[in-house]
Ligand SMILES: Cc1cc2nc3c(=O)[nH]c(=O)nc-3n(C[C@H](O)[C@H](O)[C@H](O)COP(=O)(O)OP(=O)(O)OC[C@H]3O[C@@H](n4cnc5c(N)ncnc54)[C@H](O)[C@@H]3O)c2cc1C
């Protein structure tokens with residue numbers, strides 16, 4: 001058991017008060033109550049906001065969600081009422097595991113030091129700001145990320161019909177922000193260095209590209225941004241190798257990196273991203289088994305289904321891994337073994353692009369094509385893929401929309417490797433069926449023959465995901 005001064009409750013310090021941090025904090029309090037552990041939870045948050053849905057930012061920007069405050073799941077006051085000593089506007093500037101302290105800086109510049117018995121690092125990821133986006137070290141007016149609630153409010157206020165928006169980045173945030181700008185009546189250009197949604201197969205992204213263009217997005221794939229044109233401190237265009245695209249607004253959506261700059265213990269940081277590598281229980285100092293330092297969320301690379309580490313900055317993982325860590329932290333204080341495991345990422349993700357008559361849902365799960373060659377080397381997978389087209393509902397129903405399902409499996413073991421789905425309304429969440437099969441290490445035959453629901457308005461008698469799996473199974 002980790003010792004604390006006689007009679008004093010153990011202090012858990014949580015750094016970062018959003019998905020991972022507050023999931024951990026609340027679970028720690030619940031477990032402490034169950035186990036009868038005396039626990040003090042202090043949470044430090046650099047911004048003014050807590051437990052907000054960054055995922056909802058594009059929908060505030062588009063106007064679909066009217067008030068930015070609707071993205072806040074739990075306010076600072078609610079956390080405090082639940083027994084957490086939450087301090088907003090306080091940034092951790094240095095973590096010192098040896099002395100069990102952090103150095104802090106408040107918004108007004110006040111510096112301080114705070115001691116802890118256990119620390120939960122949940123600082124998320126910071127959006128990438130490329131050199132070309134900076135002018136004299138600052139972002140020009142009209143250039144912004146889509147990362148914080150302040151960004152959401154700023155985009156909602158700034159986007160005016162008839163203006164021109166350039167979205168730099170073709171990941172899912174770029175796609176969602178392109179939708180937002182279109183819905184606000186702007187002309188939208190999307191610039192991507194490779195393909196749009198490049199973690200999907202080329203075949204799937206070609207379908208997405210067609211949908212974006214059909215909705216009016218001027219999509220320019222394989223476009224490298226060289227700089228920004230500006231006048232009086234405001235952006236006026238985005239400079240490419242062969243052209244300048246006029247812009248009133250530039251959305252920076254070109255990725256995120258773990259926010260670990262305050263950690264100077266190099267042994268905790270991994271790879272070019274300088275990510276934390278918690279084990280399945282959330283420990284980042286597992287080597288000496290001290291159980292002092294824990295982490296979850298976007299500041300980490302998680303363990304993927306293939307066994308490799310992967311950077312999958314998603315709210316789904318942050319919430320789950322944070323909650324598991326919270327339980328394990330308190331078990332560790334009580335002198336018990338950790339039991340709550342975060343099982344790792346399958347690579348499941350989903351997004352939607354909808355404007356006017358265009359509505360496309362895009363989802364995937366399993367090993368990325370780009371990773372298959374590496375993973376195959378280790379595990380000798382002989383991946384075979386097949387795409388099957390069908391409809392989301394029985395053909396005679398008005399709800400029926402086109403859907404394409406791409407299934408990948410290993411020829412020898414028949415193990416399901418990946419599934420991608422692109423299609424109209426109702427297509428995307430079908431991915432969860434495939435994710436469930438992957439989660440349990442199932443085969444393409446398991447996916448083809450499991451008992452799934454059918455009624456004409458929502459499916460076909462042979463569910464399309466199962467037709468796709470069966471056809472691939474027949475070819476293996
Ligand atoms: C536009 C957008 C759309 C998204 N859509 C989806 C989606 O549809 N589905 C999905 O699963 N995920 C989505 N995500 C990702 C999801 O929001 C993140 O994965 C999730 O918020 C990660 O939670 P976290 O707690 O790890 O980090 P964060 O939510 O980033 O929280 C970290 C907190 O730590 C604070 N912090 C950072 N450094 C310090 C410091 N040194 N001291 C004190 N505090 C600090 C930050 O201010 C922040 O509040 C989206 C993200 C964005 C930006």
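Residue numbers (the UniProt record's numbering): 1 to 476. All residues carry an ideal CB built from backbone N, CA and C; glycine is no exception. As the structure is a computational prediction, the values presented were derived from the model and not from experiment.
Which residues DSSP lists as bridging residue 53, in chain order: Answer is none; residue 53 lacks a bridge partner.
Bounding residues of the alpha helix (DSSP H) (the contiguous stretch that carries residue 31): 19 to 35
Segment limits, alpha helix (DSSP H) that includes residue 173: 172 to 183
Length of the line joining the Cα atoms of residue 143 and residue 315: 25 Å
Nearest residue (CA-CA) to residue 495, options 19, 363, 132, 156: Because the chain here runs from 1 to 476, residue 495 falls outside it and cannot be looked at.
Host alpha helix (DSSP H) of residue 444 (start-end): 444 to 449
Which residues DSSP lists as bridging residue 96, in chain order: 101
Where the alpha helix (DSSP H) through residue 438 begins and ends: 431 to 439
Cβ neighbours of residue 466 in the same chain (closer than 8 Å, five flanking residues each side left out): 447, 448, 449, 450, 452
Residue 13 to residue 44 span [Cα, whole Å]: 8 Å
Proximal residues to residue 112 (C-beta, below 6 Å), its chain only, five neighbours per side dropped: 104
Chain-order list of residues whose beta-carbon lies under 6 Å from that of residue 3 (same chain, five-residue window excluded): Confidence in residue 3 is poor, its pLDDT being 44 and thus under 50, which makes the residue's placement too unreliable to answer from.
Start-to-end residues for the alpha helix (DSSP H) that takes in residue 327: 315 to 333
Sequence-distant residues of its chain with Cβ nearer than 6 Å to residue 352 (five each side left out): 361
Beta-carbon contacts of residue 137 that lie in its chain and below 7 Å, excluding the five residues immediately before and after: none
Beta-carbon gap between residue 284 and residue 269 smaller than 7 Å: no
Ligand 1 heavy atom lying under 6 Å from the CB of residue 429: no
Under 7 Å between C-beta atoms of residue 237 and residue 124: no
Chain-order list of residues whose beta-carbon lies under 6 Å from that of residue 153 (same chain, five-residue window excluded): 68
Distance CB(residue 332)-CB(residue 121) smaller than 7 Å: no
Closest Cα partner of residue 402 within the set 409, 414, 359, 415: 359
Distance cut-off 6 Å: residue 254 Cβ against heavy atoms of ligand 1: no
Any non-hydrogen atom of ligand 1 within 6 Å of residue 223 CB: no
Separation of residue 454 from residue 400, as counted between CA atoms: 13 Å
Distance cut-off 6 Å: residue 199 Cβ against heavy atoms of ligand 1: no
Cβ pair residue 28, residue 329 closer than 7 Å: yes
Cβ-heavy atom distance, residue 91 to ligand 1, below 6 Å: yes
Near ligand 1: residue 303 beta-carbon under 6 Å from a heavy atom: no
Outcome for residue 130 when other beta-carbon atoms lying within 10 angstroms are tallied against a minimum of 16: exposed
Own chain residues within Cβ distance below 6 Å of residue 100, not counting five before or after: 115, 116
Extent of the continuous alpha helix (DSSP H) to which residue 464 belongs: 464 to 475
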